[in-house]
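This report concerns only the one structure given below.
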Amino acid sequence: MLQLKKIMGLFLCMPVMLGLIACSSGSAVEEKGITSEELSAISDKETAAPPQEAEDVVTAGAVLSEETKTTEAKNATLVVVFSATGTTKGIADKIVEITGADLYEITAYEPYTDEDREYKNSESRCAIEQNDASSRPVIGSEPVSLDGYSTIYIGYPIWFSQEPRIMDTFVESYDFSGKTVIPFCTSGSSSIGESGHNLASLAGTGNWLEGARFAGDASFDEIKSWIDSL
Ligand SMILES: Cc1cc2nc3c(=O)[nH]c(=O)nc-3n(C[C@H](O)[C@H](O)[C@H](O)COP(=O)(O)O)c2cc1C
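For the sequence shown, our numbering gives the first residue as 268, with consecutive numbering after it.
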């Protein structure tokens, strides 16, 4: 009899216990701000088999870039920068901070060494490339999708009064149709010169604005007032 009472007691408690479990798991989801549909989508992804072959990795990359495109569409500004020693990157970071833009860094497939950048040596890699308008150094960083970006800042250092040839490689590789493109550069003292116009003409697409030159130590306020004036 005692045994029977215990079993009946357990049955009576069960709805209450089930209710408590449901409530506690529901509140964890709500705390993270995700719906049960999103939760099941995440767990579907987590349980998906990892890519096995090189081909699968490419497929996974394609899926990822589709997701990236969604993110890009939310953020209309992109800052593209090439910076051999970090000076122009410092300006790019400030533009990102001011505008909330995404950042894409161009790196050279063959990085520029100190020796390559010896501007007093007419036989250095930089001197040779800059003396040859048809030189197109290969980009090493993963290509970026420009989908969803309506404004693109493009930054670089001045090399022998010009944009580095790798910037020519970049602008010739992308379609800037329908986008506003804003060049900016850093230098020891030279102005931006014809570099912005040259990039615009090599790109052949996009609405290119007059660019600006900054000293490496340009302040946040200086960059902000330039952006506000555009
Ligand atoms: C190969 C080479 C050529 C340069 N030519 C110039 C120039 O013509 N005029 C100038 O003011 N600065 C010149 N500079 C200095 C750079 O433009 C300056 O240091 C720049 O801020 C470096 O930017 P980064 O650190 O982003 O690469 C040159 C630097 C190098 C390495």
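Just so you know, even glycine gets a beta-carbon here, dropped at the ideal spot from N, CA and C.
- By the Cβ rule, the region 444 to 460 does not count as touching the region 405 to 412, because fewer than three pairs are nearer than 8 Å.
- Three or more Cβ pairs closer than 8 Å define a contact, and the region 485 to 492 falls short of that threshold against the region 456 to 465.
- Taking the CA atoms as reference points, Thr344 sits about 38 Å from Glu390.
- Classified as exposed, Tyr376 has fewer than 16 neighbouring CB atoms from the shown chains inside 10 Å of its CB.
- Approximately 7 Å separates the beta-carbon atoms of Gly422 and Val347; this is inside 8 Å, confirming the contact.
- Taking every protein chain shown into account, the CB of Ala400 has fewer than 16 other CB atoms within 10 angstroms, so this residue is exposed.
- Between Thr354 and Thr453, the CB-CB gap stays under 8 Å.
- The C-alpha of Ser417 lies about 26 Å from the C-alpha of Ala485.
- The Cβ neighbour count for Leu466, taken over all protein chains shown within 10 Å, is at least 16; the residue is labelled buried.
- Cβ atoms of Ile406 and Ile433 come within 8 Å of each other, at about 6 Å.
- With respect to the C-alpha of Glu385, the residue from Ile449, Pro450, Trp426 having the closest C-alpha is Trp426.
- Note that the C-beta distance between Phe481 and Ile358 is below 8 Å.
- Within a 10 Å sphere around the beta-carbon of Ser468 sit fewer than 16 other beta-carbons, which makes this residue exposed.
- A direct Cα-Cα distance of roughly 19 Å separates Ile373 from Ala479.
- The alpha carbon of Leu370 has as its nearest neighbour, out of Ile449, Ile419, Val438, Ser402, the alpha carbon of Ile419.
- Across the structure, Asp383 and Thr352 are spaced so that their CA atoms are roughly 12 Å apart.
- Taking all protein chains shown into account, Lys361 has 16 or more neighbouring C-beta atoms within 10 Å of its C-beta and is therefore buried.
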